[in-house]
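Read the structure below first, then the notes.
Protein chains: 2
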Amino acid sequence: MKQSKLFGKTLREDPKDEISANAKLLERGGFVYKTMAGVYDYLPLGWRVLEKIKSIIREEMNTIGGQEVLLTTLQPKERWEKTARWKELGEEVMYQFKDHSGREIGLAATHEEPLAEIALHSIHSYKDLPLFIYQMQTKFRDELRAKSGLIRGRELLMKDLYSFHEGEEDFRRFYFGTVDKAYKKVFQRCGLDAYVTEAAGGSFTKEHTHEYQVFSEAGEDLIFYCSQCRFAQNKEISSLQVGEKCPKCRGEIQSSKSIEVGNIFPLGTKYSKPLGLFYSDEKGNKELVTMGSYGIGISRLMGTIVEVHHDEKGIIWPEEVAPFKVHLLELKSSQAAVKSFAEKLYQDLLAKKAEILYDDRSDKTAGEKFADSDLIGIPWRIVVSEKTLEKKMVEVKRRDLTKVEFLPPAKLFKKFNV
Amino acid sequence: MKQSKLFGKTLREDPKDEISANAKLLERGGFVYKTMAGVYDYLPLGWRVLEKIKSIIREEMNTIGGQEVLLTTLQPKERWEKTARWKELGEEVMYQFKDHSGREIGLAATHEEPLAEIALHSIHSYKDLPLFIYQMQTKFRDELRAKSGLIRGRELLMKDLYSFHEGEEDFRRFYFGTVDKAYKKVFQRCGLDAYVTEAAGGSFTKEHTHEYQVFSEAGEDLIFYCSQCRFAQNKEISSLQVGEKCPKCRGEIQSSKSIEVGNIFPLGTKYSKPLGLFYSDEKGNKELVTMGSYGIGISRLMGTIVEVHHDEKGIIWPEEVAPFKVHLLELKSSQAAVKSFAEKLYQDLLAKKAEILYDDRSDKTAGEKFADSDLIGIPWRIVVSEKTLEKKMVEVKRRDLTKVEFLPPAKLFKKFNV
Chain A
341 MKQSKLFGKT LREDPKDEIS ANAKLLERGG FVYKTMAGVY DYLPLGWRVL
391 EKIKSIIREE MNTIGGQEVL LTTLQPKERW EKTARWKELG EEVMYQFKDH
441 SGREIGLAAT HEEPLAEIAL HSIHSYKDLP LFIYQMQTKF RDELRAKSGL
491 IRGRELLMKD LYSFHEGEED FRRFYFGTVD KAYKKVFQRC GLDAYVTEAA
541 GGSFTKEHTH EYQVFSEAGE DLIFYCSQCR FAQNKEISSL QVGEKCPKCR
591 GEIQSSKSIE VGNIFPLGTK YSKPLGLFYS DEKGNKELVT MGSYGIGISR
641 LMGTIVEVHH DEKGIIWPEE VAPFKVHLLE LKSSQAAVKS FAEKLYQDLL
691 AKKAEILYDD RSDKTAGEKF ADSDLIGIPW RIVVSEKTLE KKMVEVKRRD
741 LTKVEFLPPA KLFKKFNV
Chain B
341 MKQSKLFGKT LREDPKDEIS ANAKLLERGG FVYKTMAGVY DYLPLGWRVL
391 EKIKSIIREE MNTIGGQEVL LTTLQPKERW EKTARWKELG EEVMYQFKDH
441 SGREIGLAAT HEEPLAEIAL HSIHSYKDLP LFIYQMQTKF RDELRAKSGL
491 IRGRELLMKD LYSFHEGEED FRRFYFGTVD KAYKKVFQRC GLDAYVTEAA
541 GGSFTKEHTH EYQVFSEAGE DLIFYCSQCR FAQNKEISSL QVGEKCPKCR
591 GEIQSSKSIE VGNIFPLGTK YSKPLGLFYS DEKGNKELVT MGSYGIGISR
641 LMGTIVEVHH DEKGIIWPEE VAPFKVHLLE LKSSQAAVKS FAEKLYQDLL
691 AKKAEILYDD RSDKTAGEKF ADSDLIGIPW RIVVSEKTLE KKMVEVKRRD
741 LTKVEFLPPA KLFKKFNV
C-alpha cells in the first residue's frame, strides 16, 4: 500500500477529548475515528489489525472444534423475558426501543438466549453433544462510562463461544483444559501475558468465573496475584492483601491494575432450564444441557495491545497483529534515483507477498516520515535515501530496538523470509 | 466437517411462516435460523456461504483499488441532521431511539454521512483523490414488509463502496468503467446473470441510477429489457411496453420480475456540500468533492442465488459460493469396511485440503442421506456403499446433472484437482 493513497492521516496533536493512551495513539496514527464515546470507526490500518486478531482467534477456535456462526443483533423482547434478562439487562446496558410497528426490540449485548433457542432445534440426543459454537460479531452495550478508548466500547467487536455438554464433568474438561489452553495461545500470539484470575459471576452465574487479566495502568480492574505460581484473584472477591503469603505456594502477593481481555463462565443449566434445552441420555432419560460461555473482546484486545506496547513516540505492534510487516520510507531527494530505487524495492517486496506500507509521500520531510513511522508502529522500518543509495544498501531498524543495520536488498529478502 | 457434528439440522417440512423459496430452502437445509421476519441467524453452512461471497467481493474491490474499513452502526442524530436525513430516513427505515442518558441514536441504514465526515480529515488536496473506500457490514432497515427471506432483510449484510473524485469526469470513468466491470465479475462468479438497469434515484439523487437486476419470479421489481443489446429500465421510470422495439437496437422489449442485487448511485455534491467536504485543486481553488456510492447486498445475494439455482429437491450451489465442494455420503452397512473406506477417503481428501462435508451419520437411511444431500446442494456428491466397495470405486455425481460415474479414489483426486 502506498501511504500517499492511504485513507486516514496521522495527526500531530493528541485528540482533546481522549484520556487513554490507546485512543490517543490509535486516533493520531489514523487507525480509528471516533464517532461517539465508546463508538469507533476502523480505518484501513485499524481494520487490518482487527482482521489479524480475528484470524488468530479463528485459528485457535477452529483447532478446538469450534463451529463459526453469525447471530443477529436485533432481538425480540419475548425471547429475553424467558430468562428475565429483558428487564435486568435493559436497566443496565441493553439498548431497547420500539420499531415502526411498535414491536419491542433489543440490541444483543450477549447471545446466550438466542443460541440456546437455536440449539433447541439441533440438540436432541447425547450424540449431538458436546457442541462448541462461536462467532465474531459486534455487540452493543450502553456503558455508563466509556472513556477508555477501545477498552470499554458501546459498540464493540467480540468473539463469543458457547459450549453445550452432557454434564458438569465434560464441561469442566472443556473449560479448564481445552478453552484455557486456546485462550493462552491467543493472548500470547497477540503479544500479551494474561493472568487467569478468579472473579465474581456478574449477572451470569453465582459460581466463581475466570477472567484473563493483562497488567496495565489503563485497566479498570484491580487484581491480587502471585508471580511465582500465577494464582490471581479479582479485588471484588479477594480477601488477599499485598505482602501476604500466597495461599497456594507461599510466594508473595502483589497487586496491579489490569484489563480483562477475556473471560470464561460456567453457566450450568441457568439458560437451558428456562429455555427448555434438554437432551436424551444413553438410557433415554431427558436431561438439561450444561452450558458454558467464553468471551474475548476483539476491539478491546486491540486497545490493550496498544496500552502494553507503546512508548512516548507511538505504538510498537507485536509482529502477528501489525497492520503491515514492513514500513518502507523513501526520503526526499533531488536525485530521481532515490525514488526509483525505493519504488523498485516496493514492487519487489510486493511481488514476494511481503505486507508493506510504502511512504512515498513527496510533501513530507524526513523528520515527519520518521515520526509517523514511530507513531504507526510497524515492526520493521526500511529507509531509502541518498545516503543508503550511495552504499547500494538500505537502512533497516526494528521498531522496538535502537540498532540500525545496513543491508543490500538481496539480504533483506532473506531477513524477511520472502 | 463431519455431518454428525454439524450445528444446524435439516428439516423435512417447509417452515410454515415462509413464502419465498430461498427462506424455505435455507431454513430447511440448516443454513439459517429465523429470529424475526427479515432477521436471520447464519448457522455454520450459511456462514460459509456468506464468507465465500464476501471473499469474492473483497477480491474484486481490492483489484479496483478499494480500501476496506469498518464503520459504526450507532449514529449520533446531529450528524444526520446536517443532510436532513435524520427525519427523512427516520420516517421510513432508520431505527431511532434514546440511549440511557437520553441521547438520540440511530442505527446506520447506509453510510454516506459518516464516511463523508471522516473524509473531512483525510481529503485536503487534489493529491488525495480519487479515493475508493468500502466495507462489508451489517445494515439495519426497518422494512415495512420483510417477507422475501434473505431478499429483503431488516438486518442485512451489505458491501458498500464510496468513491471520492475531483469532478464529474473522473467520477464517470470510475462509475461506468471500473465499478461496472468489477460488479459484473462479482455476479458472474456468484453464478448470476445481472442486467444493468436504469432506475430512479430514490432518496439519494435526482439523476438516473443503475441497478443490477437478476430475473426471478421472487423479485419485487419489474423491468423492461432487450435481450439483444441488454438495454433495461426499471418499470418505475420506463415508458416502454412489452413487444415494442428497443430504442437502442430495434430488438424486442420483454419484461421480467427481478431482484436488485446491486446498485450504483451518482451522488454529485449532495453530501459533500452540507458536510463541507472540499479539496484544493492544482491552482489552489477550493472545490467540492464529487461522490458516488455503490452497494451489493451480500445476504440478499445469498438469497438470490438460491432463488435462481434450485429445483424441487433443494439448492444447487454454484461452485465458487458452495459451503463445501464435496459431499461424501457413507451409506449404512453391516460391513465395517464401508465405514473405514469412507473414513479413509474423508481423511485423504481433508489432507489434500478439499472442502468436504462427510455424512457419517449412523442413524440415517440411504434415502434420507440422498434427500439431505440434494437439499443442501453441494456441487459434487460422492457415495461409498457396499455396492461401490465391491468395485473398489466410489460413485460420483454432480448436483446439477443426472449422470452418475464410478471412479477409483485416485482418479477422484485428479478430478477435483487435489
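Protein sequences appear in the order of chains A and B. Quick note on my numbering: the first sequence kicks off at 341 and runs consecutively. Quick note on my numbering: the second sequence kicks off at 341 and runs consecutively. For each residue, glycine too, the CB sits at the ideal point set by N, CA and C. Quick caveat, the model's predicted, so the values are computed rather than measured.
Comparing the C-beta of residue i with each C-beta of chain A, is any distance below 9 Å?
{"i": "W420/B", "result": "no"}
{"i": "T375/B", "result": "yes"}
{"i": "G386/B", "result": "yes"}
{"i": "I473/B", "result": "yes"}
{"i": "K704/B", "result": "no"}
{"i": "I458/B", "result": "yes"}
{"i": "T412/B", "result": "yes"}
{"i": "D500/B", "result": "no"}
{"i": "Q687/B", "result": "no"}
{"i": "Y380/B", "result": "yes"}
Residue i CB to nearest chain B CB: under 9 Å?
{"i": "E495/A", "result": "yes"}
{"i": "L669/A", "result": "no"}
{"i": "Q436/A", "result": "yes"}
{"i": "F710/A", "result": "no"}
{"i": "G405/A", "result": "yes"}
{"i": "E408/A", "result": "yes"}
{"i": "A662/A", "result": "no"}
{"i": "M401/A", "result": "no"}
{"i": "K521/A", "result": "no"}
{"i": "H548/A", "result": "no"}
State the start and end residues of the unbroken beta strand (DSSP E) segment that holds residue i.
{"i": "G386/A", "result": "No beta strand (DSSP E) holds G386/A; the alpha helix (DSSP H) holding it covers P384 to T403."}
{"i": "N603/B", "result": "I593 to G608"}
{"i": "P416/A", "result": "L414 to P416"}
{"i": "M631/B", "result": "T630 to G637"}
{"i": "Y535/A", "result": "Y535 to A539"}
{"i": "T549/A", "result": "T549 to F555"}
{"i": "S503/A", "result": "E495 to H505"}
{"i": "E745/A", "result": "V744 to L747"}
{"i": "R721/B", "result": "W720 to V724"}
{"i": "S620/B", "result": "F618 to S620"}
May I have the straight-line CA-CA distance separating residue i from residue j, to the nearest angstrom?
{"i": "L471/B", "j": "Q415/B", "result": "23 Å"}
{"i": "E400/A", "j": "K525/A", "result": "8 Å"}
{"i": "P606/A", "j": "S360/A", "result": "32 Å"}
{"i": "V554/A", "j": "S598/A", "result": "5 Å"}
{"i": "T537/B", "j": "V601/B", "result": "11 Å"}
{"i": "S596/B", "j": "V646/B", "result": "18 Å"}
{"i": "D740/B", "j": "Y382/B", "result": "25 Å"}
Report the residue from the options whose alpha carbon sits nearest the alpha carbon of residue i.
{"i": "G541/A", "options": "K626/A, A534/A and H550/A", "result": "H550/A"}
{"i": "A711/A", "options": "K349/A, F746/A and E695/A", "result": "K349/A"}
{"i": "W420/A", "options": "G405/A, D439/A, E408/A and G446/A", "result": "G446/A"}
{"i": "V582/A", "options": "Q594/A, T450/A, T478/A and S674/A", "result": "Q594/A"}
{"i": "Y523/B", "options": "V648/B, I393/B and T609/B", "result": "I393/B"}
{"i": "S639/A", "options": "R443/A, M341/A and I397/A", "result": "I397/A"}
{"i": "P587/A", "options": "Y565/A, N574/A, K479/A and I604/A", "result": "Y565/A"}
{"i": "L469/A", "options": "A486/A, H505/A and A448/A", "result": "H505/A"}
{"i": "K626/B", "options": "S612/B, S680/B, L497/B and G635/B", "result": "S612/B"}
{"i": "E622/B", "options": "T537/B, S465/B and Y382/B", "result": "S465/B"}
{"i": "Y502/A", "options": "R492/A, V519/A and E495/A", "result": "V519/A"}
{"i": "P663/B", "options": "I696/B, L689/B and G654/B", "result": "I696/B"}
{"i": "E408/A", "options": "M733/B, V389/B and K751/B", "result": "V389/B"}
Does the Cβ-Cβ distance between residue i and residue j come in under 9 Å?
{"i": "V724/B", "j": "A682/B", "result": "yes"}
{"i": "D500/A", "j": "E432/A", "result": "no"}
{"i": "Y619/B", "j": "I458/B", "result": "no"}
{"i": "L490/A", "j": "Y380/A", "result": "yes"}
{"i": "C530/B", "j": "L365/B", "result": "no"}
{"i": "A694/A", "j": "V666/A", "result": "yes"}
{"i": "S702/B", "j": "K743/B", "result": "no"}
{"i": "G406/A", "j": "L385/A", "result": "no"}
{"i": "Q477/B", "j": "T403/B", "result": "no"}
Note the first and the last residue of the continuous alpha helix (DSSP H) segment covering residue i.
{"i": "A572/A", "result": "Premise fails: A572/A lies in the beta strand (DSSP E), A572 to N574, not in any alpha helix (DSSP H)."}
{"i": "V678/A", "result": "A676 to A691"}
Quick check: is any heavy atom of the ligand FAD less than 8 Å from the C-beta of residue i?
{"i": "V601/B", "result": "Looking for the ligand FAD in the displayed structure turns up nothing, as the structure carries no ligands at all."}
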